[in-house]
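Q: Read in order, the letters of the sequence shown are residues 2 to 545 in my numbering.
Where a beta carbon is used, it is the ideal one built from N, C-alpha and C, also for glycine.
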Amino acid sequence: MEDSQESSCSSATPERGSTPPGISSSSKHRKSSKRRWEGKRSQHHHKDDQESLLLPDKHKHSDLSGSSAAEMTESSPKRRAHFLHGPYPATHFGPKACILPNPTSVMHIQDPASQRLTWNKPPVNVLVIRKIRDESLVEPFKELCWFLVEEKQMMVYVERRVVEDIALTNDEGFGSIRNQLCTFREGYDDISDCIDLIICLGGDGTLLYASSLFQGSVPPVMAFHLGSLGFLTPFKFESYKTEVAKVFEGNAAITLRSRLKVKVVKDLLQRTGLPGQQQYLGLEGPGCVDQDLEGPGCVDQDLEGPGCVDHGLGGPGCVDHGLEGPGCLDQGLEGPGCVDLDHPDSHPEAQPDSEHNGLPPHDHTNTEPGKVTLQMQVLNEVVVDRGPSSYLSNVDLYLDGRLITSVQGDGVIVSTPTGSTAYAAAAGASMIHPNVPAIMVTPICPHSLSFRPIVVPAGVELMITLSPDARNTCWVSFDGRKRQEIRHGDCIKITTSCYPLPSICCHDLVYDWFESLAQCLHWNVRKKQARLADDVSQSSDTEN
2 MEDSQESSCS
12 SATPERGSTP
22 PGISSSSKHR
32 KSSKRRWEGK
42 RSQHHHKDDQ
52 ESLLLPDKHK
62 HSDLSGSSAA
72 EMTESSPKRR
82 AHFLHGPYPA
92 THFGPKACIL
102 PNPTSVMHIQ
112 DPASQRLTWN
122 KPPVNVLVIR
132 KIRDESLVEP
142 FKELCWFLVE
152 EKQMMVYVER
162 RVVEDIALTN
172 DEGFGSIRNQ
182 LCTFREGYDD
192 ISDCIDLIIC
202 LGGDGTLLYA
212 SSLFQGSVPP
222 VMAFHLGSLG
232 FLTPFKFESY
242 KTEVAKVFEG
252 NAAITLRSRL
262 KVKVVKDLLQ
272 RTGLPGQQQY
282 LGLEGPGCVD
292 QDLEGPGCVD
302 QDLEGPGCVD
312 HGLGGPGCVD
322 HGLEGPGCLD
332 QGLEGPGCVD
342 LDHPDSHPEA
352 QPDSEHNGLP
362 PHDHTNTEPG
372 KVTLQMQVLN
382 EVVVDRGPSS
392 YLSNVDLYLD
402 GRLITSVQGD
412 GVIVSTPTGS
422 TAYAAAAGAS
432 MIHPNVPAIM
442 VTPICPHSLS
452 FRPIVVPAGV
462 ELMITLSPDA
472 RNTCWVSFDG
482 RKRQEIRHGD
492 CIKITTSCYP
502 LPSICCHDLV
512 YDWFESLAQC
522 LHWNVRKKQA
532 RLADDVSQSS
542 DTEN
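This is the structure:
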């Protein structure tokens, strides 16, 4: 039995092509030597299973001759290679134990320090994202667009509302460049398949906005610090021509910032209580059917006025089974603005608009009868809070289907390593380097002295639901946008996405992060302690 187990373990890791020197021919000695060599395999066993976007670094001494390299190897002590991921773990434990072979598992991960940007084809289409409502960015925006269009012969894409800025429309000198810009509207035009490079002018919000535009694969992002904080924007605009030219040439260091894949499942039958009448209640706003909110378009049985439900009154926006017109909620009529309870897609909020950040219609899917699923990619964090209620939020947190704990407080933050320096840091969480594969769970003002932030593996699936005994509903937002209400029967499923955001580094992925900690967050800034005089320190040591 032991021999069969040992043979199965050995089959998980194949033998090397040549026998290491110094190993005897005895069977027992070969087995023990093999186990020793298995532990060293991690330093030499590399497999390039990444896409062509990532290239390994060139060796520092590749230009040296073989003899000089051999002399340096003999004279200098051996040093371990610098890896940001730990060494490849040994798969054999003791004489008879090993990890069960699994052909579907991915055990080889490229070292983040070797991640370099290259181009399969020369880039042509560049998306320029500019911070709006900031007049100080008009001139940098014009300079960059002129440089890309005239000097680099690029096709530049910008948002339509940016081009329609009065400061740009009144500038006759910029008219020739403006006419060559390709414009798009968020939520209406899909540009995810035609952009080669993204350049952000502003603060961290421009990077979050760029992430929201691409719900699948994200082009490389180059962010210039022209905003308030700029933790995620390492480049200085003063040298934009040189920096952009380097990126076009390739071989730039990049940081793969992991994102969260979030699914919000809405239970429509739980809200209506009427089988067969499915109302699209995934988003809040004018025109939504809600028993608890008041305002234009809300369903309320007790109030009278425009937008109120009244079976005897007629008026704009009133719900009446005998009236037709824009804004009417009618179960049997069809027309512009009407909400049909038998066809949830007729609800105006069921169609993609500017608040949906360009989500295609298939992201709103009916996976089960009476349920609607909204899926999105999140770069920073998912925040679940108590909303306008004065009661504590009471939500249940599941990990891979098992109940972990109930969060009673102001809410909970589920963040990526990139988001660990945002809201999570303000809530008392640790700051994690963006290349660490992890998900952070941070409570917001928990009503417990022992509820500390935790870090879980990146591959798990978290699920958040409203506790059955919760006194009020909760609200959820995604990178500060698309805020909506979560009720009984709804759930939020969160896991790590397979589509990271490739952020181009100014120097390298380690230096840039610590530079941002020091310059933006003033990490560990303290007045230096003065040293003691020599005679005082000696007398103090003698007394002790």
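Helix, strand or coil for Q530 per DSSP?
A: Q530: coil per DSSP, three-state reduction.
Q: Considering only residues of the stretch 182-230, which uninterrupted alpha helix (DSSP H) runs meet the minimum length of 4 residues and lie entirely inside it, listed in chain order?
A: 205-214, all fully within the stretch 182-230.
Q: Determine the contact status of T497 and S259, defining contact as a CB-CB distance below 8 angstroms.
A: For T497 and S259, yes; Cβs fall inside 8 angstroms.
Q: Nearest by alpha-carbon distance to Y500: which of K267, L393, T417, L398 is it?
A: Closest by alpha carbon: T417.
Q: I'd like the list of long-range same chain contacts for R532, defined as Cβ closer than 8 angstroms, with 5 residues on each side in sequence excluded.
A: The answer is none, since no qualifying residue turns up.
Q: Taking only the alpha-carbon atoms, compute the straight-line gap between V245 and L269 and give it to the nearest angstrom.
A: Cα to Cα, the separation comes out at about 49 angstroms.
Q: For K132, I'd like the list of residues in its chain whose CB is within less than 8 angstroms of its CB, leaving aside the five on either flank, ordered along the chain.
A: Contacts found: L138, L202, G203, G204, G206, T207, L227, G228.
Q: Please confirm whether V266 and T374 have their CB atoms less than 8 angstroms apart.
A: A contact, by the Cβ cut-off of 8 angstroms.
Q: Use the C-beta contact count for S449: other C-beta atoms within 10 angstroms, 16 or more gives buried, fewer gives exposed.
A: That one is exposed.
Q: Rounded to whole angstroms, what's the CA-CA distance from R527 to L510? Just pull it up for me.
A: For R527 and L510, the distance between alpha carbons rounds to 25 angstroms.
Q: So, helix, strand or coil for H348, using DSSP?
A: Here H348 scores only 39 on pLDDT, less than 50, and its place in the model is too uncertain to base an answer on.
Q: Does DSSP put A546 in a helix, a strand or coil?
A: Any property of residue 546 remains undetermined from this structure, which presents the chain solely from 2 to 545.
Q: Please state whether the Cβ-Cβ distance between V442 and V461 is less than 8 angstroms.
A: The answer is no: Cβ separation not under 8 angstroms.
Q: Going by DSSP, name the residue or residues bridged to D268.
A: Its beta-bridge partners are K372.
Q: Where do the N-terminal and C-terminal ends of the alpha helix (DSSP H) with A129 fall, by residue?
A: The residue you asked about is not Ala; residue 129 is Val in the sequence shown. Note, V129: premise wrong, no alpha helix (DSSP H); beta strand (DSSP E) at 126-131.
Q: From T184, D112, G251, pick the residue whose C-alpha is nearest to that of C507; which is it?
A: Considering only alpha carbons, the answer is G251.
Q: Over the uninterrupted alpha helix (DSSP H) stretch that includes V1, give me the two end residues.
A: Here the chain covers residues 2 to 545 and nothing more, so residue 1 does not appear.
Q: What residues match up with F452 in a beta bridge as DSSP calls it?
A: DSSP, once it has assigned bridges, lists no residue as partnering F452.
Q: What residues in its chain sit with their C-beta under 7 angstroms from that of G371, if we drop five residues either side in the sequence?
A: Only D268, L269, L270, Q279 meet the Cβ criterion.
Q: Determine the extent of the alpha helix (DSSP H) in which C499 is found, giving its start and end residues.
A: Premise fails: C499 is in no alpha helix (DSSP H) and is neither H nor E.
Q: If we ignore side chains and look at the alpha-carbon of each, how far apart do V222 and P235 end up?
A: About 11 angstroms.
Q: Suppose contacts are defined by Cβ-Cβ distances below 8 angstroms. Is C521 in contact with G231 by that definition?
A: Their beta carbons are under 8 angstroms apart, which means C521 touches G231 by this criterion.
Q: Kindly indicate the opening and closing residues of the beta strand (DSSP E) around L463.
A: From DSSP, the beta strand (DSSP E) with L463 extends over 463-467.
Q: Using DSSP's beta-bridge definition, name the partner residues of V379.
A: Answer by DSSP bridge pairing, in chain order: L261.
Q: For the 8 angstroms Cβ check, are there 3 or more pairs between the stretch 375-393 and the stretch 465-485?
A: The stretch 375-393, when compared against the stretch 465-485, does touch it at the 8 angstroms Cβ threshold.
Q: Return the bridge partner residues of I495 from the DSSP annotation.
A: DSSP, once it has assigned bridges, lists V263, L463 as partnering I495.
Q: Indicate the three-state DSSP secondary structure (helix, strand or coil) for N525 in the structure shown.
A: Of the three classes helix, strand and coil, the one that applies to N525 here is coil, per DSSP.
Q: Identify, in the order they occur along the chain, each residue of the same chain with its Cβ nearer than 8 angstroms to the Cβ of Y399, setting aside the five sequence neighbours on each side.
A: Only I405, L463, M464, I465, T466 meet the Cβ criterion.
Q: Hey, how far is the Cα of C319 from the Cα of H489?
A: Because the pLDDT at C319 is just 41, under 50, the model does not fix this residue reliably, and the value given afterwards should be weighed accordingly. Near 28 angstroms, if we compare the C-alpha coordinates of H489 and C319.
Q: Assuming E136 and E160 make a contact with CB atoms under 8 angstroms, what is their CB distance in whole Å?
A: With a Cβ gap of about 17 angstroms, E136 and E160 do not count as contacting.
Q: Do you know how far the Cα of I167 is from the Cα of K483?
A: The alpha-carbon atoms of K483 and I167 are separated by roughly 28 angstroms.
Q: If I'm right that H434 touches W514 with Cβ under 8 angstroms, what's the distance once you round it to whole angstroms?
A: With a Cβ gap of about 6 angstroms, H434 and W514 count as contacting.
Q: Using the three-state DSSP reduction, which class does P141 fall into: helix, strand or coil?
A: P141 falls in the helix class under three-state DSSP.
Q: Taking the alpha helix (DSSP H) that V511 belongs to, which residues open and close that run?
A: Unbroken alpha helix (DSSP H) run through V511: 510-520.
Q: Output needed for S517: all residues of its chain with C-beta closer than 6 angstroms, excluding positions within five of it in sequence on either side, in chain order.
A: Once the five neighbours on either side are set aside, the close Cβ partners of S517 are F232.
Q: Using three-state DSSP, classify W120 as helix, strand or coil.
A: Three-state result, W120: coil.
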